[in-house]
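In what follows, a structure is listed as structure tokens, so that the remarks can point back to it.
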Amino acid sequence: MGTLPLFPVQASTFAPEVDHLLYFLLAVAVFFTVGIFGSIFYFAVRYRRRSEHELPRPVHGGMALEIAWSVIPFGLSMVMFGWGASVFFHESRPPDDAVPIYVVGKQWMWKLQHLEGRREINELHIPVGRAVRLTMTSEDVIHSFFVPAFRTKQDVVPGRYSTTWFKATKPGKYHLFCAEYCGTRHSGMIGWVYAMPPQEYQEWLSGGPAAATLSESGQKLFEELACANCHKPDGTGRCPSLVGVFGSTVKLAGGGTVKADEAYIRESILQPAAKVVAGYEPVMPTFQGQVTEEGVVQLVEYVKSLGVKPAAPPTPAATGKR
Ligand code: CUA
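Under my numbering, think of the first position of the sequence shown as 5, with each following residue one higher.
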């Protein structure tokens, strides 16, 4: 039995940012609630009807008053909007050097995979003081990845990747919740995040049963599914070579281009006909139902390991993207 805290502990760099905004919103709400109810009681007493025959004096508009009660709330709501948007943008842009971790939600558990090969269920180990980027998807319905101590909540949606990131500031054990009603055992879809000093995290990563890295598992899947029969590395196959594809801009049949990111690789595995590479026939069968979302993640990492095109210098057209 401990105390009942009003707020969860602040254990990430976002936590103070989000809390300061919340304190501001609370202060504004308290100020106006007290002001409005105080005025109601004061006026009710001060201007109460004193005799049966008393008639109020008619009141005409007051321009100064009307301007004041329009401009002040407008200014306040704009501050809330601007402040909230800046926190939101900060939370939506993971830094480039973030540690990537993959998350798959399903009824009713969290499955997590580290690049180095360690896999966890309903537990996530992360280093303190380093940004961590989560790439998340769901095998069934919408879930939501919620770590109150980090002030992080992001929907996990079937059929697409969503991302979020955070940087833990304090070693410790923190609640992980599913924050989107997802069926009977939604309330049991919970777990723990263990934030560890970097040294301990490295030891944890290399501990546990010997496991293949994500890209090695992906390579194994690639061979099992006979992908290499068509995707020959030298480009002589019926399907394009995947060497150096990740991060590049792919020309599509019928015009247009697409940036080869995680979402594009995933789509090309599950719905190959959606975006066909220019110069190739749409001969690839779908692998929907043959690969799990975890398998897709491994294949994505394998494709990444085949080489990443260095990012092109930003052009005016591209700067607005992220
Ligand atoms: Cu998963 Cu609620």
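Backbone N, C-alpha and C fix where the C-beta goes; we use that ideal spot for every residue, glycine too.
Suppose contacts are defined by Cβ-Cβ distances below 8 Å. Is E305 in contact with T141 by that definition? For the purposes of this step, residue 305 is taken as residue 301 along the sequence shown, with counting starting at 1. For the purposes of this step, residue 141 is taken as residue 137 along the sequence shown, with counting starting at 1. Cβ atoms of E305 and T141: not closer than 8 Å.
Close beta carbons around V91, own chain, < 7 Å, minus the five adjacent residues each side: Within the sequence shown, numbered from 1, the residue matching residue 91 stands at position 87. Excluding positions up to five away in sequence, the list reads E21, V22, L25.
Give me, in chain order, the residues of the same chain whose beta-carbon lies closer than 8 Å to that of W196; leave out the 5 immediate sequence neighbours on both sides. Here residue 196 refers to the residue found at position 192 when the sequence shown is read from its first residue. Correct list, in chain order: N126, E127, L128, K177, Y178, H179, L180.
Inter-residue Cα distance where the pair is Q111 and A267: Counting from one through the sequence shown, the residue named residue 111 turns up at place 107. Counting from one through the sequence shown, the residue named residue 267 turns up at place 263. For Q111 and A267, the distance between alpha carbons rounds to 22 Å.
Count the other C-beta atoms from every protein chain shown that fall within 10 angstroms of the C-beta of I76, then say buried if there are 16 or more, exposed otherwise. Translated into positions along the sequence shown, residue 76 becomes position 72. By the 10 Å Cβ count, I76 comes out exposed.
8 Å contact criterion, which V200 and V136 should meet: CB distance rounded: Reading the sequence shown from its first residue, position 196 is the one you call residue 200. Reading the sequence shown from its first residue, position 132 is the one you call residue 136. First, the amino acid is wrong: residue 200 is Met here, not Val. In fact, because the Cβ distance is near 12 Å, the residues do not count as touching under 8 Å.
For A321, which of helix, strand or coil comes out of DSSP? As a first step, residue 321 is located in the sequence shown; it is residue number 317 there, counting from the start. Residue confidence for A321 is low, a pLDDT of 45 falling below 50, so the modelled location carries little weight and cannot support an answer.
Per DSSP, what kind of secondary structure is K224 in: helix, strand or coil? Numbered from 1 along the sequence shown, position 220 holds the residue referred to as residue 224. K224: helix per DSSP, three-state reduction.
Cβ shell of V280 (< 6 Å), same chain only, five flanking positions each side left out: Counting from one through the sequence shown, the residue named residue 280 turns up at place 276. Cβ neighbours of V280 beyond the five flanking positions: A257, P286.
In whole angstroms, give me the CA-to-CA distance for V300 and I269. Translated into positions along the sequence shown, residue 300 becomes position 296. Translated into positions along the sequence shown, residue 269 becomes position 265. Their backbone Cα atoms lie some 9 Å apart in a straight line.
The alpha helix (DSSP H) enclosing W87, as first and last residue numbers: Translated into the one-based positions of the sequence shown, residue 87 becomes position 83. Per DSSP, W87 belongs to the alpha helix (DSSP H) from 67-96.
In terms of DSSP beta bridges, what is P104 paired with? Position 100 of the sequence shown, counted from the start, is the residue given in the question as residue 104. DSSP output for P104 lists R137 as bridge partner(s).
Run of the alpha helix (DSSP H) containing W112, from where it starts to where it stops: Within the sequence shown, numbered from 1, the residue matching residue 112 stands at position 108. Taken as a continuous stretch (DSSP letters only), W112 belongs to no alpha helix (DSSP H), as it is neither H nor E.
Rounded to the nearest angstrom, what separates I130 and Y198 at their Cα positions? Looking up residue 130 in the sequence shown gives position 126. Looking up residue 198 in the sequence shown gives position 194. C-alpha separation (whole angstroms): 6 Å.
Is T253 buried or exposed, if buried means 16 or more other CB atoms sit within 10 Å of its CB? One-based indexing of the sequence shown puts residue 253 at position 249. Under this definition T253 is an exposed residue.
Using a Cβ-Cβ cutoff of less than 6 Å, which residues in the same chain neighbour S309 once the five nearest sequence positions on both sides are dropped? Walking along the sequence shown from the start, residue 309 turns up at place 305. Excluding sequence neighbours, S309 sits near S219.
Using only alpha-carbon positions, find the residue among L8, P9, A19, L10 that is nearest to K174. Position 170 of the sequence shown holds residue 174. For the residues L8, P9, A19, L10, the minimum Cα distance to K174 belongs to A19.
Under a Cβ-count criterion, where at least 16 other Cβ atoms within 10 Å of its own Cβ denotes burial, should G293 be classed as buried or exposed? In the sequence shown, counting from the first residue as 1, residue 293 sits at position 289. Burial call: exposed.
At least three beta-carbon pairs within less than 8 Å, the stretch 31-51 to the stretch 91-109: no
In three-state terms, what does DSSP make of L256? Locating residue 256 in the sequence shown gives position 252, where the first residue counts as 1. It is a strand residue.
Would Y165 be called buried (16 or more neighbouring beta carbons within 10 Å of its own) or exposed? The sequence position of residue 165 within the sequence shown is 161, counting from 1. Label assigned to Y165: buried.
beta-carbon W3 near the ligand CUA non-hydrogen atom, thresh 7 Å: The shown model of the chain, from 5 to 326, leaves out residue 3, and the question about it has no answer.
Secondary structure at K308, three-state DSSP: helix, strand or coil? Numbered from 1 along the sequence shown, position 304 holds the residue referred to as residue 308. Helix at K308.
Just verifying my parser: in three-state terms, what is the DSSP assignment at E21? Counting from one through the sequence shown, the residue named residue 21 turns up at place 17. The answer is helix: DSSP assigns E21 an H, G or I state.
Cβ of R122 within 8 Å of Cβ of P202? If you number the sequence shown from 1, residue 122 lands on position 118. If you number the sequence shown from 1, residue 202 lands on position 198. Not a contact, by the Cβ cut-off of 8 Å.
Tell me the residue span of the beta strand (DSSP E) that contains E266. Sequence index remark: in the sequence shown, residue 266 carries index 262 (1-based). Where E266 is concerned, there is no enclosing beta strand (DSSP E), although the alpha helix (DSSP H) it sits in stretches over 266-274.
Going along the chain, which unbroken runs of the alpha helix (DSSP H) with 4 or more residues stay wholly within the stretch 184-211? 202-210
Please state if the CB of F170 and the CB of F149 are separated by a distance shorter than 8 Å. Translated into the one-based positions of the sequence shown, residue 149 becomes position 145. Translated into the one-based positions of the sequence shown, residue 170 becomes position 166. No, the Cβ-Cβ distance between F149 and F170 is not below 8 Å.
Same chain, Cβ closer than 6 Å to E124, five either side skipped, listed in chain order: Taking the sequence shown and counting its residues from 1, the one referred to as residue 124 is at position 120. So the list reads L116, once near-sequence residues are dropped.
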